[in-house]
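As structure tokens, the structure follows; a few thoughts come after it.
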Amino acid sequence: MDSLSYTPRGVLTPQRSLADLTWLRVGGPADWFFQPADEDDLAAFLKALPADVAVFPMGVGSNLIVRDGGIRAVVIRLGRGFNGIEVDGETVTAGAAALDAHVARKAAQAGRDLTFLRTIPGSIGGAVKMNAGCYGSYVADHLISVRIVTRAGEVQTLPAEALNLAYRSSQLPEGAVIVSATFRAAEGEPGALEARMVDQIAKRDASQPTKERSAGSTFRNPSGASSTGRADDTHELKAWAVIDKAGMRGATLGGAQMSEKHSNFLINAGGASAHDLEQLGEEVRKKVLQTQGISLEWEIMRIGEY
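Counted from 1, the sequence shown has number 868 at position 254 by our numbering; the numbering is strictly sequential.
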């Protein structure tokens with residue numbers, strides 16, 4: 615990126631290491647790292663950015679492996695100007711940088727039920743992109759619309775249907791950055807909603823390595839999925855079960871390990887490189903395919919160069 619016709623009001627940093635921004639604490643640098651001041655700043659920046667420069671929107675790095683060679687792109691990370699949460703009747707509008715857990719709690723305080731978001735790591739932008747869900751509810755069940763800034767710097771509002779939300783996936787315009795999302799939330803009694811979330815947290819902590827450096831579920835459940843994305847909650851076949859059957863619970867490679875507590879969680883047990891983590895994941899996929907004829911698909915996003 616030799617020149618830029620726009621001087622951003624936000625922070626533009628060259629060769630910014632991303633390791634400290636991912637939950638797994640691995641990865642090389644981004645060619646450029648941009649933290650826009652607000653939506654107008656983001657739109658003007660993208661409009662001025664040369665068309666041949668790739669863009670990668672990054673949330674809080676909760677579902678991400680950045681490879682050791684880094685990313686040949688401008689990584690865009692939204693901050694405080696994009697984390698507002700507003701409740702208006704049955705609708706909840708949240709900035710893309712708002713944490714899922716914060717949205718669930720603020721909605722509950724207002725008597726609105728988005729409790730399924732409480733235990734999902736990450737921010738709203740990533741939750742929409744991945745059609746995140748648990749306990750039988752998904753983003754697709756609640757999403758009304760998203761506000762985006764396109765790669766060309768245009769601000770658009772897209773109805774949920776335009777995203778073609780499916781199991782752990784969505785279809786967004788290439789290079790688009792989600793800036794906010796609006797959800798429909800059923801009414802609920804605040805105390806009961808809070809109690810439900812407390813129970814969800816307890817169940818999660820009992821079954822998942824929440825104190826370890828992980829990126830959540832490593833692989834998608836191999837059951838396929840309906841357009842609503844619910845198949846993983848109803849099908850008997852689970853990723854952790856086929857990993858166990860392959861004998862890969864607790865498997866290690868360098869500083870990487872498949873968790874003993876939950877075998878579908880890949881963890882940085884200490885000093886792991888991105889290569890260690892990804893290669894261990896590939897070893898798991900290979901073993902599951904050899905032993906059961908099942909090809910696991912990554913749920914963790916892996917980006918950048920080796």
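Beta carbons: idealized from backbone N, C-alpha and C, even for Gly.
What you are looking at is a predicted structure, and each value in this text was computed from that prediction instead of being measured.
Within the region 703 to 767, the alpha helix (DSSP H) runs of at least 4 residues that lie entirely inside it are, in chain order, 714 to 723, 738 to 743 and 753 to 756. Collapsing the DSSP output to three states places GLN629 in a strand. For ALA853, the closest of ARG863, PRO671 and PRO836 by C-alpha to C-alpha distance is PRO836.
Approximately 6 angstroms separates the beta-carbon atoms of THR764 and PRO787; this is inside 8 angstroms, confirming the contact.
If you look at PHE833, you'll find it isn't in any beta strand (DSSP E); DSSP assigns it neither H nor E. Note on geometry: alpha-carbon atoms of GLY673 and LEU692 lie some 7 angstroms from one another. Residues ILE758, THR796, PHE797, ARG798 and ALA799 of the same chain have their beta carbon placed closer than 8 angstroms to that of THR705, with the five preceding and five following residues left out of the count. Beta-bridge annotation (DSSP): GLU801 is paired with ARG726.
A direct Cα-Cα distance of roughly 16 angstroms separates THR636 from GLN649.
SER831 and ALA665 have their C-alpha atoms spaced approximately 34 angstroms apart.
DSSP places THR824 in the coil class of the three-state scheme, outside both helix and strand. With respect to the 8 angstroms criterion, GLY864 and ALA886 are not classified as neighbours on the basis of their beta carbons.
Taking 3 residues as the minimum length, the beta strand (DSSP E) runs contained wholly in the region 679 to 703 are 685 to 691 and 699 to 702, in order along the chain.
Judged by their CB atoms, ILE690 and PRO671 are nearer to each other than the 8 angstroms cut-off.
Residue state for ASP652 is assigned as coil, using DSSP reduced to three classes. Taking 8 angstroms as the cut-off, the beta carbon of VAL701 is found no closer than this to the beta carbon of ALA687. Note: LEU867 is bridge-paired with ALA870 in the DSSP secondary-structure output. Taking the CA atoms as reference points, LYS901 sits about 40 angstroms from ILE762. Here the C-alpha atom of SER877 lies approximately 19 angstroms from the C-alpha atom of TYR749. Here the alpha carbons of GLY641 and ASP654 stand approximately 30 angstroms from one another. For the pair ALA658 and LYS743, the Cα-to-Cα distance works out to about 23 angstroms. Here ARG818 carries a helix assignment [DSSP, helix/strand/coil]. One alpha carbon belongs to VAL793, the other to MET862, and they sit about 39 angstroms apart.
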